[in-house]
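Q: If you want the numbering used here, it's the position in the sequence shown, counting the first as 1, plus 37.
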Amino acid sequence: MDAKRHIVHIDLDSFFVSVERKFNPALIGKPVIIGGSADRGVVASCSYEARKFGVHSAMPTRQALKLCPQAIVIHGTHGRYSEASREVTEIIHNMVPLYQKSSVDEFYIDLSGMERFHDPFKLACDLRQKVIRETGLPISFGMASGKTIAKMATNQAKPNGQLWIKHGEEKAFLAPLNISKIPGLGESTCQKLYQYGLEKIGDLQRVNLKFLEAVFGKMGLYIYNKANGIDDSEIIPHSDRKSISTETTFHSDVNDKRTLENVLVSMTEELSGKLRRENKVSSCLAIKIRYANFETHTQQTKIALTAAEHILIPGIKNLLNKAWNQHRPIRLIGVRLSNLCTGSYQINLFEDNEERIKLYQAMDNINFRFGDKTVCRAAGMEIGARTFNPFLKG
């Protein structure tokens, strides 16, 4: 490619932890784990103070607490994360011509061609400072000629830093890094490369492509390109998602209908509250159940456009009756709202009850300010603090 590309990767550092610290400054400087319970939960995010003990995301919470017994475990507040993500997205949307939101806390930005009008690196720096100033969240970025190196530069810049890998310096930047730093390279692939004495990316850069293809097949070209900084993949413009979902794995398999319904009520309340905060409505409702033997079933139904749980909850309970063989205990259960579109719900969707609309608005305001489930239905309270995973992406 003749034209120089300027790709920026932005990542909000320890995003869930940073958001919680905004609401509770007492957590600053302490080891914090965001995630599920100690029995069967996993770490969704953790602070740098916890990482020093070997804690990392996707690790079972039980194992994390063995490594760092003094860690503070928080189940998380989904509304806060989605609102913080929306704020950052809005800042980026207003400052750059083309961006891709790859997750709730991660973005790719294409500033190629901007050098005719602005210094791309200065623009990225200004964007980072604006996010920090307006949201109070720490953020890091890397800038390079492609998405892969930009992401790796961000990882090297953390925490709360920035790094520009200039054109022509890609291979030199990569060479001293361990091969495990290459995004998408699994542990088994790394172990196989280690067996051949290939530990640093610089070692890979000296290896013949045909050797990698002989050992890894089609994956060989992927490894070769990543090690040599070759990545022409495009930025896919940001678009609104079409669904949201959440699910929970029970501590022990459940065969009690009331318990299952209470969990579903709690899930549906949170998802519908999220829809209202994002000014969205759904026209498709689905339930997912997984039995003890991991056999999984889903059931869905079309509904009138809504974001009101008093409409959604009866629909979810009805789907449970249809999908569940009541003689079999359930290991996992989930709710999905799809066919989303932007728009406020109309009063007639709430059965012409303006008081009910005001009630929902008041509940949403309280739950955002003080945490999810501060105000909720009694059925949802019976299952205690939320134990399902709020970090699944729809």
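Positions of the beta carbon are idealized from the N, C-alpha and C atoms, including for glycine.
(1) My understanding is that residue 311 touches residue 116, with C-beta atoms under 8 Å, so please give their C-beta distance in whole angstroms.
(2) Indicate the three-state DSSP secondary structure (helix, strand or coil) for residue 53 in the structure shown.
(3) Compare the C-alpha of residue 54 against each of 190, 110, 104 and name the closest.
(4) DSSP three-state call for residue 297: helix, strand or coil?
(5) Could you work out which residue in 169, 51, 199, 305 is closest to residue 159 when comparing CA atoms only?
(6) Please classify residue 96: does DSSP put it in a helix, a strand, or coil?
(7) Return the CA-CA distance between residue 358 and residue 374, expressed in angstroms with no decimal places.
(8) Got a sec? Which residues, its chain only, sit under 6 Å from residue 205 by beta carbon, not counting five neighbours each side?
(9) Assuming residue 137 is part of the beta strand (DSSP E), what are its boundary residues?
(10) From which residue to which residue does the alpha helix (DSSP H) around residue 284 run?
(11) CB residue 270 to CB residue 42, shorter than 8 Å?
(12) Taking only runs of the beta strand (DSSP E) that begin and end inside the region 305–354, which ones reach a length of at least 3 residues, in chain order?
(13) Here's a check: name, in chain order, each residue in its chain whose Cβ is nearer than 6 Å to the Cβ of residue 186, leaving out the five neighbours to either side.
(14) Nearest by alpha-carbon distance to residue 340: which of 350, 332, 334, 331 is it?
(15) Using three-state DSSP, classify residue 166 as helix, strand or coil.
(16) Could you pull the DSSP bridge partners for residue 198 from this structure?
(17) Leaving out the 5 sequence neighbours to the left and right, which residues in its chain are closer than 6 Å to residue 136 when beta-carbon positions are compared?
(18) Provide the residue span of the alpha helix (DSSP H) that contains residue 257, from first to last.
(19) Please say whether residue 369 and residue 286 have beta carbons closer to each other than 8 Å?
A: According to the data block:
(1) One-based indexing of the sequence shown puts residue 311 at position 274. One-based indexing of the sequence shown puts residue 116 at position 79. Residue 311 to residue 116, Cβ: 7 Å. Contact.
(2) Translated into positions along the sequence shown, residue 53 becomes position 16. Helix at residue 53.
(3) Your numbering for residue 54 matches position 17 in the sequence shown. Residue nearest to residue 54 within the set 190, 110, 104 is 110 (criterion: CA-CA distance).
(4) Numbered from its first residue, the sequence shown carries residue 297 at position 260. The answer is helix: DSSP assigns residue 297 an H, G or I state.
(5) The residue given as residue 159 occupies position 122 in the sequence shown. Of the candidates 169, 51, 199, 305, the one whose C-alpha sits nearest the C-alpha of residue 159 is 199.
(6) The residue given as residue 96 occupies position 59 in the sequence shown. Reduced to three states, the DSSP call for residue 96 is coil.
(7) One-based indexing of the sequence shown puts residue 358 at position 321. One-based indexing of the sequence shown puts residue 374 at position 337. A straight line joining the alpha-carbon of residue 358 with that of residue 374 spans about 18 Å.
(8) Counting from 1 along the sequence shown, the entry for residue 205 is found at position 168. Cβ neighbours of residue 205 beyond the five flanking positions: none.
(9) Here the question's residue 137 lines up with position 100 in the sequence shown. That run of the beta strand (DSSP E) goes 136–140.
(10) As a first step, residue 284 is located in the sequence shown; it is residue number 247 there, counting from the start. Element bounds for residue 284: not the alpha helix (DSSP H) but the beta strand (DSSP E), 280–291.
(11) Here residue 270 refers to the residue found at position 233 when the sequence shown is read from its first residue. Here residue 42 refers to the residue found at position 5 when the sequence shown is read from its first residue. Result no, Cβ atoms of residue 270 and residue 42 do not sit closer than 8 Å.
(12) List check, beta strand (DSSP E) in window: 317–328, 333–343.
(13) The count along the sequence shown starts at 1 and reaches residue 186 at position 149. These residues qualify, in order along the chain: 202, 207, 266.
(14) Residue mapping note: residue 340 aligns to position 303 of the sequence shown, counting from 1. It is 350.
(15) Position 129 of the sequence shown holds residue 166. Helix at residue 166.
(16) Position 161 of the sequence shown, counting from 1, holds the residue named residue 198. Per DSSP, none; premise fails for residue 198.
(17) As a working note, residue 136 is residue 99 in the sequence shown. The residues 129, 144, 146, 275, in chain order, have a CB closer than 6 Å to that of residue 136 in the same chain once the five nearest residues on each side in sequence are set aside.
(18) Sequence index remark: in the sequence shown, residue 257 carries index 220 (1-based). From DSSP, the alpha helix (DSSP H) with residue 257 extends over 256–264.
(19) To locate residue 286, count along the sequence shown from 1; it is residue 249. To locate residue 369, count along the sequence shown from 1; it is residue 332. Result yes, Cβ atoms of residue 286 and residue 369 sit closer than 8 Å.
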